[in-house]
Amino acid sequence: MNPLVPALVAGLLVLAPTPKPGGDTTIEGTERGNERGITLSNSSIVLKGDVKGGKSDGYRVKSPCWYEPGLDADAMLKFQTDPRTQFARIKADDRSFDRFVQQFKDKKGQPGRWWTPAYDTSHPEGAACWAELELFLFVPPDTTPPSGITFEQLAEIARAALTVPEPVIKLNPDVKSYVNLPTFVWLDNPGDSQRSVTATLPGIMSATVVATRQNITITSGTTDDRAKVVQDGCGQVGTPYVKGAAFTCGVQYLRASIDQPREVYELTVSSTWPVQVADRVVPFQFAPVEVSATRDVPVGEVQSNVRNP
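The sequence shown begins at 1 in the UniProt record's numbering and counts up one residue at a time.
Structural data, given as structure tokens:
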């Protein structure tokens, strides 16, 4: 483990009632369907990259709480007895405060560092997991305690924060298609083909996960006898319609949709993003990010008029 600088504690010491000099690392998530992000509490971990502007797939870290390393014995004692940061506690109950700081006085001058717990507040078991950990844990040098943060956990945190663009389907014909007429399919403003997130524990280690978009897949929304799916030329983002171009990505509907629920076919485009950990000899296996979008396609019959001579 690399030596730590005293400033690292700024993001660690948030354990009530000790005031925290810095703010939490927070990546807000939603709980809509399978979408969510990750929200780190009491943590120094910094998340950078594609954590916003896309869709999360609901990945959860295996263990929602862990210890992170902080100050050495003398620096921690100085911080915990500093009246500028501990004024409220001292004023409230000086005897209780004396008992509280005794644990730090006992370690004065000893080699090692204090570790404190952090957790993912968006995980349903995060708070309960955090409650099982010690508020302060003194650890000898070059030692990681049980439940101490590991590279694999850091990679999982990056994976949980990762988002990818949600597909926006474009069609030609756009409003309505017709029997036997090729319907071209592609993605509108698909964005970059790679997305990445780096989770960093300052002064210690960092982990980067990279997701790369594979070829899209198309589902017609009906059976094979009613539609023919063409995907040979789709690639990562489909093939926009160009007059006179070959039909290599899309759907050719063979029956009208008049007899379908709502009188439309529900066409679906799915995008798969395999995820890898960057620069690791022994890779971790992460499930790919999978996102999809659906578009209603009304299909009509081509009408022809026959006139008697």
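Virtual Cβ for every residue (Gly too), placed ideally from N, Cα, C.
These numbers come from a predicted model, not from an experiment.
Backbone CA spacing between residue i and residue j [nearest angstrom]
i                 : j                 : result
valine 297        : serine 63         : 43 angstroms
threonine 294     : leucine 267       : 6 angstroms
glycine 235       : alanine 161       : 26 angstroms
glutamate 134     : tryptophan 186    : 53 angstroms
glycine 53        : glutamate 68      : 29 angstroms
proline 190       : glutamate 166     : 8 angstroms
histidine 123     : proline 173       : 44 angstroms
phenylalanine 97  : alanine 128       : 26 angstroms
phenylalanine 138 : leucine 77        : 12 angstroms
threonine 143     : leucine 47        : 25 angstroms
phenylalanine 151 : leucine 40        : 16 angstroms
tryptophan 115    : phenylalanine 136 : 6 angstroms
valine 302        : valine 175        : 15 angstroms
phenylalanine 100 : isoleucine 204    : 28 angstroms
tyrosine 59       : serine 44         : 21 angstroms
glutamate 125     : tryptophan 66     : 13 angstroms
glycine 233       : threonine 219     : 15 angstroms
Nearest residue (CA-CA) to residue i, options the options
i              : options                           : result
tryptophan 130 : His123, Ala118 and Lys52          : Ala118
glycine 250    : Ser257, Thr239, Arg262 and Phe284 : Thr239
alanine 227    : Ala245, Ile216, Gln252 and Ile204 : Gln252
leucine 181    : Lys55, Ser44, Glu125 and Leu254   : Leu254
glycine 70     : Val230, Pro274 and Phe104         : Phe104
alanine 38     : Thr163, Gln194 and Ile149         : A quick correction: the sequence has isoleucine, not alanine, at residue 38. Ranking Thr163, Gln194 and Ile149 by Cα distance to isoleucine 38 puts Thr163 first.
valine 168     : Ser292, Glu301 and Val302         : Ser292
valine 299     : Leu201, Pro283 and Asp259         : Asp259
threonine 81   : Met205, Gln102, Val175 and Asp188 : Gln102
valine 61      : Pro146, Ile157, Ile149 and Asp192 : Ile157
alanine 278    : Pro146, Asp74, Ser206 and Glu132  : Ser206
alanine 75     : Gly49, Glu263 and Lys107          : Lys107
As assigned by DSSP and simplified to three states, the class of residue i
i             : result
isoleucine 45 : coil
glycine 148   : strand
leucine 187   : strand
lysine 62     : coil
lysine 176    : coil
isoleucine 27 : With a pLDDT of only 42 at isoleucine 27, under the threshold of 50, the placement of this residue in the model should not be trusted, and no figure is reported.
glutamine 80  : helix
valine 242    : coil
valine 302    : coil
alanine 199   : strand
aspartate 72  : strand
lysine 55     : strand
glutamate 156 : helix
valine 101    : helix
Presumed contact (8 angstroms Cβ cut-off) between residue i and residue j, rounded CB distance
i            : j                 : result
arginine 159 : phenylalanine 286 : 5 angstroms
valine 210   : glutamine 194     : 6 angstroms
valine 237   : isoleucine 216    : 7 angstroms
Cβ-Cβ distance between residue i and residue j below 7 angstroms
i             : j             : result
threonine 208 : serine 196    : yes
tyrosine 265  : threonine 222 : yes
proline 140   : glycine 109   : no
valine 289    : aspartate 57  : yes
leucine 154   : alanine 199   : yes
glutamine 214 : threonine 121 : no
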